[in-house]
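Residue numbers (the numbering used here), protein chains in the order written: chain V, 8 to 209; chain X, 8 to 209; chain U, 8 to 209; chain E, 8 to 209.
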C-alpha cells in the first residue's frame with residue numbers, strides 16, 4: 008500500500024481528535040450561582056488540559072509526518088501499528104475531559120491524572136513501536152536506505168520521548184498538579200524554537 | 008469519475024466515524040456514589056465496545072483502500088453502493104453506544120447486542136455487494152484486467168467475511184456477551200500479523 | 008486558486024456533516040418506561056430523517072464533484088458561493104434533529120417539517136446559483152470550453168432539481184409526513200440506477 | 008517539510024471546526040412553554056453567531072490557502088505558528104456558544120462578547136504573526152522570490168485586518184450587540200464581491 012492514503016486517513020483522525028477537544032469546554036450555566044467571570048475562571052483546569060492536549064496532538068502530527076515520510080510503502084504490520092497509535096490519540100479527548108473534571112474534586116484526582124499521563128504514555132509507546140517497526144524491521148520499505156547509525160539515532164530520540172511521560176504518569180500518585188505541570192511544560196518545550204527536531208518521540 | 012475524490016471523501020467519513028466513537032465514553036459524574044476507580048471500572052462495556060468498533064472500522068478502512076485501489080474510475084452504481092457502505096459505518100457509533108449502555112442492564116441487552124452485531128453484518132454485506140459490483144459487473148473499470156479466477160478468489164474472501172457477523176448477530180439471542188466475544192475476537196484476529204490479507208470482508 | 012484545495016475543504020465539510028448526523032440518534036434511556044424494542048421503534052422519525060439526510064448529502068457530494076470538476080480554477084465569487092452552499096449543508100444536522108424531534112409532537116410539527124424542507128431547498132438554490140456562476144458568468148474558468156447549449160442543459164437540470172424541494176417545503180403546511188415522503192422518495196429515486204445523471208440539482 | 012500535508016491537516020481542522028459549529032444550535036425542548044415558532048425565534052443569537060463564525064472561519068480558510076500557497080516548504084517555526092492559528096480557530100465553537108448563551112442573559116453578556124471578539128482578535132494576530140514569519144523571516148522558503156515592497160503590502164493587509172477585531176472586542180464593554188454588529192458586518196463585507204482580495208487579515 009502506498010503511503011498517500013495512510014497519511015490522509017491519519018491526518019483525518021488527528022484533525023478530528025484535535026478539534027473535538029473543544030467539546031470538553033462548555034459555557035457555564037447561566038442558572039449556576041456566581042458571576043460569569045468567576046464561573047469561567049473556575050473552569051481553568053479545562054483550559055489548561057485543552058491547550059496541553061491540543062499542543063501534544065499537534066506535535067505528534069508533525070512527528071508522524073516525518074516518520075511516515077521516510078516510508079515508500081506500508082505493509083500490514085505498519086498499518087495495524089499506525090491504527091494502534093491513532094487509537095491512543097483518539098482517546099485523548101476522553102482523558103482530557105476526565106482530568107479536567109476531577110482535577111479539583113478532592114476525590115479521584117490522582118487516578119484521573121494517572122490516566123491522563125498514561126494515555127500520553129501509551130501514545131508515546133505506540134509511536135516508538137511503529138518507529139521501531141519502520142526503521143529496524145521494515146527498512147526495505149524506506150524511500151532511501153538509511154545507515155544503521157542514523158536509524159538508531161532517530162529511534163533513540165523516540166525512545167527518550169517516552170521517559171517524561173513515565174515521570175508525568177508516576178507523579179500523578181503524588182499530586183495531579185505535577186502531571187499537569189510536566190505534560191504542559193513538555194508541550195511548551197517541544198513547541199519552542201529551541202526544540203526544533205527534538206520533539207515528542209520524534 | 009476518478010477515484011481520487013471518492014477515496015478522500017470515504018477517508019473523511021471513516022476518519023470522522025472512528026474518532027467520534029470516543030464521544031460515547033464520558034467521565035463518570037463526580038456526584039455519583041462510589042470512588043472514581045469503581046465508577047470507571049463499571050464502564051468497562053464502553054471500553055470493550057470502543058476498542059472493538061475502532062479496530063473494525065480501521066480494518067474496513069484498510070480493505071476499502073485495497074478494493075477501491077483496483078478501480079480506474081467509478082460509475083453511478085459504485086458511488087451509490089459506496090455511499091451505502093459509508094452509511095453502515097457512520098451508524099456504528101450509535102450501535103456502539105446502544106450496546107455499551109444496555110449490556111449490563113438486565114433488559115434489552117439481547118436486542119442491543121443483536122443491533123450491534125447486525126450493523127457490522129450490514130456493513131459486511133454492503134462491502135461485499137460493492138466488491139461484487141466492482142469485480143464482477145464493472146470489471147471494465149478496473150485499472151488492470153484480472154483473471155476471473157482471481158476476481159472470484161477476492162470476492163469469496165469478502166463473502167466469507169460475512170459469516171462470522173451472522174454468528175455474532177445470531178448469538179445475541181442467547182447472550183449479549185457472546186456477541187461481544189465474537190466481534191472483539193474477530194477484530195483482534197484481523198489485527199494480528201497472522202491475518203495479513205485475510206481481513207474483514209477483505 | 009486551483010480547485011484542489013477547494014475540493015478537499017468541501018469534501019471535509021461534507022464528510023463531517025454527513026457523519027455528525029448520527030449524533031441525532033441516541034440510545035433510549037434505560038430508565039424510561041417500556042421495553043427497548045418499543046423505545047427504539049418510537050424513534051422511527053430519527054431513523055427516517057437520518058437516512059434521508061445522509062443520502063441527500065451523499066448525492067450533493069457526487070454532484071458537487073461533477074460541478075467543480077469542470078473548473079480549471081476558482082475566483083472569489085465562486086469561493087464565497089461554495090461557502091454558502093457548505094453553510095446550507097452544515098445546517099442539515101440541526102434541521103434533521105428538529106424534524107425528528109417534532110414530527111410526532113402534535114405541536115410545531117408543520118413548522119419543523121417546513122424548516123427541514125426549507126434547508127434542502129436553500130441547499131438546492133445555493134447549488135444552482137453556484138452552477139450558474141460557473142457555467143454562465145465564469146465560463147472562461149472552465150477546464151475546456153463547453154458549447155452554450157450544453158451549459159444550458161446542465162444548468163436546467165440544476166434548476167429543475169429545485170422544484171421538488173419547493174413542493175416538499177410547501178406540503179409541510181398540510182402535514183409533515185408529506186415532507187418526509189417527498190424528501191425520502193427523492194433521495195431514493197436519485198440513488199437508484201435509473202437516476203444516473205439526473206440527480207439532486209445535478 | 009513540504010506544504011502538502013500542512014495544507015491537508017489545516018484543511019481538516021478548519022473543516023471540522025466550521026462544521027462542529029452547528030452543534031451549538033439545538034432543537035428547543037418540546038416540553039418548554041410556548042409555541043415552536045416563538046422558541047425558535049428566541050434562539051436568534053445562536054443563528055446570528057453561527058452565521059458570523061461560519062463565514063469568518065470560511066474566509067480564514069481562503070486566506071490561509073493564499074498564505075501557505077506562497078510557501079515552497081515549511082520549517083519548525085512555521086509549523087508551530089500554524090498550530091497556534093489552528094488552536095485559535097478550534098476554540099471558536101466554544102466562544103460562539105458562550106456568546107449565544109449569554110447575549111440576552113442580563114449578566115455576563117459583556118464578558119461573553121469580549122471573549123467572542125477576543126478569540127477572533129487572537130486568530131487575526133496568530134494569522135498575522137504567521138504571515139510575518141513567512142514573508143519577512145523565512146522569505147527563502149517562498150516558492151518564488153517576492154520584492155520587499157510586495158511582501159510589505161501583503162503583510163500590511165494582514166495587520167490592518169486586526170484592527171476591526173480590536174474595535175469589536177473593545178465595544179463589548181459598552182454593549183454585546185456592538186460586538187455582534189461589528190463581527191457580522193465584517194464577515195458580510197469580506198464575503199461580498201467588493202472585498203475580493205481585502206479579506207480578514209488576508
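Backbone N, C-alpha and C fix where the C-beta goes; we use that ideal spot for every residue, glycine too.
Judged by beta-carbon spacing, residue 122/X lies within the 8 Å limit of residue 102/X, meaning their Cβ atoms are closer than that value. Against chain E, a Cβ distance below 7 Å from residue 12/U picks out 14, 18 and 72. Only exposed fits residue 33/E, as fewer than 16 other CB atoms lie within 10 angstroms of its CB. Its Cα nearest to that of residue 50/E, the residue 111/E stands out among 97/E, 111/E, 20/E and 84/E. Classified as buried, residue 138/V has 16 or more neighbouring CB atoms from the shown chains inside 10 Å of its CB.
Taking 8 Å as the CB threshold, residue 101/E lines the interface with chain V.
Excluding sequence positions up to five before and after residue 132/U, its CB lies within less than 7 Å of the CB of 169, all in the same chain and listed in chain order. Residues of the stretch 41-65 of chain U with a Cβ closer than 9 Å to any Cβ of chain X, in chain order: 42, 43, 44, 46, 47, 57, 58, 61, 62 and 65. The closest CA to that of residue 109/E, considering only 15/E, 11/E, 186/E and 198/E, is found on 186/E. Taking C-alpha positions only, residue 23/V is separated from residue 54/X by approximately 20 Å. Residue 43/X is positioned such that its CB atom lies closer than 8 Å to that of residue 118/V. Per DSSP, reduced to three states, the secondary structure at residue 78/U is strand. In the displayed model, residue 9/V falls within a strand according to three-state DSSP.
Residue 50/U: not part of any alpha helix (DSSP H); DSSP gives it neither H nor E. Neighbours of residue 25/E in chain U, taken as residues whose beta carbon is under 8 Å from its own, are 20, 93 and 97 in chain order.
Here DSSP, grouped into helix, strand and coil, assigns residue 149/X to strand. Straight-line measurement puts the Cα of residue 164/V at about 18 Å from the Cα of residue 189/V. DSSP places residue 176/E in the uninterrupted alpha helix (DSSP H) bounded by 170-178. Within chain V, the residues whose beta carbon sits less than 7 Å from that of residue 119/E are 43, listed in sequence order. In this structure the stretch 53-71 of chain U touches the stretch 85-97 of chain X; the number of beta carbon pairs closer than 8 Å is three or more. In this chain, the alpha helix (DSSP H) harbouring residue 132/X covers 116-139.
Interface with chain V (8 Å Cβ-Cβ cutoff): residue 194/X is excluded. Within the same chain, Cβ atoms closer than 7 Å to the Cβ of residue 178/E are found at 185, 186 and 189, the five residues on either side in sequence being excluded. At a cut-off of 8 Å between beta-carbon atoms, residue 154/V makes no contact with chain E. Between the C-alpha atoms of residue 126/V and residue 13/V there is a straight-line separation of about 23 Å. About 34 Å separates the beta carbon of residue 39/U from that of residue 95/U, a gap too long to meet the 8 Å contact definition. For residue 158/V, the closest C-alpha among the options 192/V, 141/V and 181/V is that of 141/V.
Secondary structure note for residue 87/U: its alpha helix (DSSP H) is the uninterrupted segment 83-97. In the three-state scheme derived from DSSP, where H, G and I count as helix and E and B as strand, residue 30/E is classed as helix. Its Cα nearest to that of residue 83/X, the residue 65/U stands out among 156/U, 79/U, 65/U and 84/U. The beta carbon of residue 198/X sits closer than 8 Å to some beta carbon of chain V. Our two residues, residue 100/V and residue 28/X, have alpha carbons roughly 11 Å apart in a direct line.
The Cβ of residue 85/U sits no closer than 8 Å to any Cβ of chain X. One thing to note: residue 197/X has its Cβ no nearer than 8 Å to the Cβ of residue 124/X.
Within the same chain, Cβ atoms closer than 6 Å to the Cβ of residue 191/X are found at 59, the five residues on either side in sequence being excluded.
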